[in-house]
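Position one of the sequence shown corresponds to residue 1 (UniProt numbering), numbered consecutively onward.
Cβ coordinates follow ideal geometry from the N, Cα and C atoms, glycine included.
Some notes on the structure that comes next.
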Amino acid sequence: MPFQGVTYNIPIIIWLMESYPRYAPAVYVNPTRDMIIKRPHPHVSPSGLVSIPYLHNWIYPSSNLVDLVLHLSSAFSRDPPLYSQRRPNPNPSPSPSPNPSINSSMTSTYGQHPPPPGPRVAATAAAAGYPPSPYGRVQHPQHSQARPTSTDDAAEVYKRNAMNKLVEMVHGDIIGMRKAREVEMEGMFSAQAVLRRREEEINKGLKEMQDEKEGLEQQLQVVLMNADVLDSWIRDNEGKIKNLGKKNNNVDVDEAIHCVDVLSKQVLDSTAADLAIEDVVYSLDKAVQDGVVPFDQYLRNVRLLSREQFFHRATASKVKEAQMQAQVANMAARISHFVS
1 MPFQGVTYNI PIIIWLMESY PRYAPAVYVN PTRDMIIKRP HPHVSPSGLV SIPYLHNWIY
61 PSSNLVDLVL HLSSAFSRDP PLYSQRRPNP NPSPSPSPNP SINSSMTSTY GQHPPPPGPR
121 VAATAAAAGY PPSPYGRVQH PQHSQARPTS TDDAAEVYKR NAMNKLVEMV HGDIIGMRKA
181 REVEMEGMFS AQAVLRRREE EINKGLKEMQ DEKEGLEQQL QVVLMNADVL DSWIRDNEGK
241 IKNLGKKNNN VDVDEAIHCV DVLSKQVLDS TAADLAIEDV VYSLDKAVQD GVVPFDQYLR
301 NVRLLSREQF FHRATASKVK EAQMQAQVAN MAARISHFVS
């Protein structure tokens with residue numbers, strides 16, 4: 001980040017959660033032993049958690065890590081979150097040789113007000129790679145700076161290696177879990193598509209069954225009504241044939257069956273005549289084949305019979321249409337009677 005014309009490096013840790021990139025990652029400031037977190041800071045909590053508007057307004061897929069780093073650099077350049085702290089020297093040793101600059105510095109330190117340590121602290125912070133502390137402190141002149149021991153360096157290296165190894169292991173586990181969840185989600189999506197297709201097929205079959213059920217119920221109503229009509233007709237005409245046989249041994253077949261109305265009688269006569277003509281034509285055909293009837297006479301008889309058969313069939317067709325209309329009206333009357 002740029003600060004007062006100098007570029008500094010702020011150590012941060014970016015955690016990519018399982019929900020990334022749809023949700024923002026977690027960003028932490030990772031200060032070293034020589035650094036402290038500024039308190040209070042508008043974007044960094046005492047624990048190091050970073051909170052900037054770019055993280056709050058994270059929108060996938062327009063938001064990414066590159067823009068996040070740029071926004072972090074811009075926010076930290078306005079208000080640095082870390083400052084360097086000078087570790088006190090346990091054994092200060094004054095230089096025995098006279099030095100005009102040191103004498104003047106000591107004289108100004110003890111004899112006057114302490115000068116602002118900005119340049120000295122800035123140089124130290126620039127060497128460490130972090131912005132200087134804006135809070136001035138009285139610094140006694142010293143020529144040697146305390147250095148960490150080899151034991152501290154080894155412990156620090158071991159700690160950092162362990163943390164890096166742990167982060168690497170966690171990152172690997174997250175990648176493995178993410179791949180497993182992606183495979184599981186793909187399987188769920190496939191199963192969902194199959195279930196939706198089966199749901200459509202079941203709904204279609206259910207609708208067809210309901211339509212078929214309604215049609216069968218209508219046909220059942222028609223059959224029940226016809227059965228009632230037939231039962232009534234049988235009850236009315238059951239004793240007539242018995243009485244007719246008792247009165248006269250020579251039973252006339254045409255008189256044995258009485259039609260309920262004129263239309264039924266007309267249909268019966270037309271149908272009987274049609275079938276009788278059909279039998280006559282069949283007999284004439286056999287006679288022509290056997291040579292009993294001349295061919296010319298056969299043609300004349302067939303032409304006359306066919307004309308007569310046509311009229312009988314036309315009459316039967318018209319009468320049946322009239323009967324159908326009457327039957328529909330009768331059914332409507334019965335249904336209205338049952339409903340009421």
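Quick one: grab the DSSP three-state call for residue i.
i: W15; result: strand
i: M1; result: coil
i: V50; result: strand
i: S264; result: helix
i: S24; result: It should be pointed out that residue 24 corresponds to Ala in this sequence rather than to Ser. The answer is coil: DSSP assigns A24 none of H, G, I, E or B.
i: Y298; result: helix
i: S63; result: coil
i: V292; result: coil
i: I10; result: coil
i: A126; result: Reliability fails at A126, whose pLDDT of 36 lies under 50, so the model's placement of it is uncertain and no value is given.
i: I257; result: coil
i: N57; result: coil
i: D79; result: coil
i: E184; result: helix
Taking the beta carbon of residue i as the centre, do at least 16 other beta carbons fall within 10 Å, making it buried, or is it exposed?
i: L82; result: buried
i: A155; result: exposed
i: F76; result: buried
i: Q309; result: buried
i: I202; result: exposed
i: L72; result: buried
i: V180; result: Reading the sequence as shown, one finds Ala at residue 180 and not Val. Counting Cβ neighbours within 10 Å, A180 comes out exposed, since fewer than 16 surround it.
i: T7; result: exposed
i: P116; result: Confidence is the limiting factor: at P116 the pLDDT is only 38, short of 50, which leaves the residue's position unreliable, though a coordinate-based value still follows. By the neighbour-count rule (16 or more Cβ atoms within 10 Å), P116 is not buried but exposed.
i: M185; result: exposed
i: I335; result: exposed
i: T107; result: Reliability fails at T107, whose pLDDT of 35 lies under 50, so the model's placement of it is uncertain and the value that follows must be treated cautiously. Exposed, by the Cβ-count rule.
i: C68; result: For the record, residue 68 in the displayed sequence is Leu; it is not Cys. Buried, by the Cβ-count rule.
i: I257; result: exposed
i: P31; result: buried
i: S283; result: exposed
i: Q325; result: exposed
i: S74; result: exposed
i: P11; result: exposed
i: P80; result: buried
i: V157; result: exposed
i: V183; result: exposed
i: S306; result: exposed
Per DSSP, residue i forms a beta bridge with which residues?
i: residue 346; result: No answer is possible for residue 346: the residues shown for the chain start at 1 and end at 340.
i: M35; result: S84
i: V29; result: I12
i: V44; result: V50
Less than 6 Å separating the Cβ of residue i from some heavy atom of the ligand ATP?
i: E208; result: With respect to small molecules bound, the structure shown includes none, and the ligand ATP cannot be examined in it.
Check whether the region 20-37 and the region 57-67 are in contact - that is, three or more C-beta pairs closer than 8 Å. Touching, yes, given that three or more Cβ pairs across the two stretches are closer than 8 Å.
I'd like to know if the region 258-273 and the region 314-328 are in contact, where contact means that at least 3 CB-CB pairs between them fall below 8 Å. Per the Cβ contact rule, the region 258-273 is in contact with the region 314-328 (3 or more Cβ pairs under 8 Å).
Given 8 Å, three or more beta-carbon pairs between the region 32-45 and the region 191-200: Short answer: they don't touch.
Say whether the region 275-289 touches the region 230-237, bearing in mind that this needs 3 or more beta-carbon pairs closer than 8 Å, one atom from each stretch. Contact between the region 275-289 and the region 230-237 is absent, because fewer than three Cβ pairs lie under 8 Å.
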